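2 protein chains.
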Amino acid sequence: MDSNNSAWSTPQQAEQAFYQAFEAGDLAAMMQVWDAAADICCIHPMGKALTGPAQVSEGWAGIFSSGQSLEFTLEPLHWQVQGDLAVSVLHEHIRVRGETRPRPPMLATNVYRRRGDGWRLWLHHASPAVVEVSPDPAMPAHLH
Amino acid sequence: MDSNNSAWSTPQQAEQAFYQAFEAGDLAAMMQVWDAAADICCIHPMGKALTGPAQVSEGWAGIFSSGQSLEFTLEPLHWQVQGDLAVSVLHEHIRVRGETRPRPPMLATNVYRRRGDGWRLWLHHASPAVVEVSPDPAMPAHLH
Chain P
103 MDSNNSAWST PQQAEQAFYQ AFEAGDLAAM MQVWDAAADI CCIHPMGKAL
153 TGPAQVSEGW AGIFSSGQSL EFTLEPLHWQ VQGDLAVSVL HEHIRVRGET
203 RPRPPMLATN VYRRRGDGWR LWLHHASPAV VEVSPDPAMP AHLH
Chain R
103 MDSNNSAWST PQQAEQAFYQ AFEAGDLAAM MQVWDAAADI CCIHPMGKAL
153 TGPAQVSEGW AGIFSSGQSL EFTLEPLHWQ VQGDLAVSVL HEHIRVRGET
203 RPRPPMLATN VYRRRGDGWR LWLHHASPAV VEVSPDPAMP AHLH
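If you're matching them up, the sequences are chains P and R in order.
Take the first sequence: its position 142, counted from the start at 1, is 244 in the working numbering, and no numbers get skipped.
Take the second sequence: its position 23, counted from the start at 1, is 125 in the working numbering, and no numbers get skipped.
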């Protein structure tokens with residue numbers, strides 16, 4: 103990545119750039135990782151599906167506006183690369199600087215798409231990885 | 103799908119079979135939709151990442167053992183099909199038979215993989231969408 107308009111030569115490089123931008127709270131760097139396409143989709147934990155560059159950018163701006171400084175430790179679970187699509191499934195272990203205990207981990211599915219000039223992010227779907235759930239028939243966790 | 107070992111000729115057909123098996127609570131039909139591969143991954147809402155046929159099957163058996171009868175209304179958001187991978191992002195509107203009000207919707211990312219004999223499910227990642235959405239009644243793909 104050596105200019106504003108370059109994409110990445112591998113999906114793994116795009117993923118690294120994604121989490122670097124996330125840690126840095128750098129909105130411009132974050133949006134460079136995303137494909138500038140109407141069909142990109144970003145689902146933050148317990149959030150709705152944001153579609154297209156305007157909604158996706160607004161979502162990240164809101165997250166970064168908290169000013170929290172985050173440290174990510176990534177635990178890759180699966181990679182699937184076939185032709186022009188790549189899917190990464192991973193645990194995101196997140197620590198907020200200044201806090202002594204890590205936050206509960208997140209599970210993320212990231213889908214990268216290759217177009218003419220390389221790989222960019224097409225989908226980010228993150229959700230809490232709550233391993234210990236107490237049974238409660240009223241909670242949606244029981245449905246599914 | 104006309105024998106135990108056939109896969110689907112399109113990822114959309116595999117997705118339809120997935121939700122039909124889910125509604126029916128049919129574990130055998132459910133596991134036919136999944137690729138019988140060590141790298142399949144299933145993430146239920148607020149659950150952990152289940153990997154491989156044994157864990158994935160055990161997860162569905164647990165869900166189906168509740169005996170709840172579910173009705174799905176699917177609201178497709180995105181499809182991305184490139185070569186041998188296909189990604190579907192959708193809202194799952196779920197109603198439990200016997201309840202008067204629908205449960206909060208889920209967001210799901212489903213990844214299908216094509217191998218020699220056709221398409222099967224490789225990843226299901228579902229999480230609560232929390233934010234109430236009002237689907238256009240003309241848009242959702244009703245399974246009934």
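Built from N, CA and C at the ideal position, the CB exists for glycine as well.
Owing to the predicted nature of the structure, the values given are computational and were not obtained by experimental measurement.
Below-8 angstroms beta-carbon distance, residue i vs any chain P residue
{"i": "Ala151 (chain R)", "result": "yes"}
{"i": "Ser229 (chain R)", "result": "yes"}
{"i": "Met148 (chain R)", "result": "yes"}
{"i": "Val252 (chain R)", "result": "It is not possible to answer for residue 252 (chain R), since the shown part of chain R is limited to 103 through 246."}
{"i": "Leu176 (chain R)", "result": "no"}
{"i": "Gly185 (chain R)", "result": "yes"}
{"i": "Asp141 (chain R)", "result": "yes"}
{"i": "Leu225 (chain R)", "result": "yes"}
CB of residue i within 8 angstroms of CB of residue j, strictly
{"i": "Trp110 (chain R)", "j": "Gly220 (chain R)", "result": "yes"}
{"i": "Ala123 (chain R)", "j": "Val135 (chain R)", "result": "yes"}
{"i": "Gln182 (chain R)", "j": "Arg215 (chain P)", "result": "yes"}
{"i": "His180 (chain R)", "j": "Asp141 (chain P)", "result": "yes"}
{"i": "Val191 (chain P)", "j": "Val189 (chain R)", "result": "no"}
{"i": "Arg205 (chain R)", "j": "Arg197 (chain R)", "result": "yes"}
{"i": "Met133 (chain P)", "j": "Ser168 (chain P)", "result": "no"}
{"i": "Leu225 (chain P)", "j": "Ile145 (chain R)", "result": "no"}
{"i": "Thr211 (chain P)", "j": "Thr211 (chain R)", "result": "yes"}
Whole-angstrom distance between residue j and residue i, CA atom to CA atom
{"i": "Ser171 (chain P)", "j": "Phe120 (chain P)", "result": "15 angstroms"}
{"i": "Ala156 (chain P)", "j": "Ala163 (chain P)", "result": "11 angstroms"}
{"i": "Ser229 (chain P)", "j": "His227 (chain R)", "result": "9 angstroms"}
{"i": "Ala243 (chain R)", "j": "Glu177 (chain R)", "result": "The predicted position of Ala243 (chain R) is uncertain, since its pLDDT is 43 and thus under 50; no value can be drawn from it."}
{"i": "Ala131 (chain P)", "j": "Gln118 (chain P)", "result": "12 angstroms"}
Contacts around residue i, its chain only, beta-carbon distance under 7 angstroms, and the 5 residues preceding and following it disregarded
{"i": "Pro207 (chain R)", "result": "His193, Glu194, His195, Ala231 and Val235"}
Cβ distance (whole Å) where residue i is taken to contact residue j below 8 angstroms
{"i": "Leu223 (chain R)", "j": "Ala116 (chain R)", "result": "6 angstroms"}
{"i": "Phe174 (chain P)", "j": "Leu129 (chain P)", "result": "Contact doesn't hold; Cβ gap of about 17 angstroms is too wide."}
{"i": "Gly161 (chain P)", "j": "Gln184 (chain R)", "result": "With 8 angstroms as the limit, Gly161 (chain P) and Gln184 (chain R) do not qualify as a contact, their Cβ atoms being about 25 angstroms apart."}
Cutoff 6 angstroms; reference residue i; Cβ partners in own chain excluding five residues on either side
{"i": "Thr153 (chain P)", "result": "Cys143"}
{"i": "Asp238 (chain P)", "result": "In this prediction, Asp238 (chain P) has a pLDDT of 46, which is less than 50 and means its spatial position is unreliable; what the coordinates show is noted afterwards. Counting only Cβ-Cβ distances below 6 angstroms, and skipping sequence neighbours, we find nothing."}
Min CB distance residue i to chain R below 8 angstroms
{"i": "Met211 (chain P)", "result": "A small fix is needed here, since residue 211 (chain P) is Thr in this sequence, not Met. At least one chain R Cβ lies under 8 angstroms of Thr211 (chain P)."}
{"i": "Gly169 (chain P)", "result": "no"}
{"i": "Gly218 (chain P)", "result": "no"}
{"i": "Arg203 (chain P)", "result": "no"}
{"i": "Val191 (chain P)", "result": "yes"}
{"i": "His180 (chain P)", "result": "yes"}
{"i": "Cys144 (chain P)", "result": "no"}
{"i": "Trp136 (chain P)", "result": "no"}
{"i": "Arg222 (chain P)", "result": "no"}
{"i": "Arg197 (chain P)", "result": "no"}
Same chain, Cβ closer than 8 angstroms to residue i, neighbours up to 5 away in sequence not counted
{"i": "Ser108 (chain R)", "result": "Asp219 and Gly220"}
{"i": "His246 (chain R)", "result": "Low per-residue confidence applies at His246 (chain R): pLDDT is 43, beneath 50, and the placement is therefore not dependable enough to give any value."}
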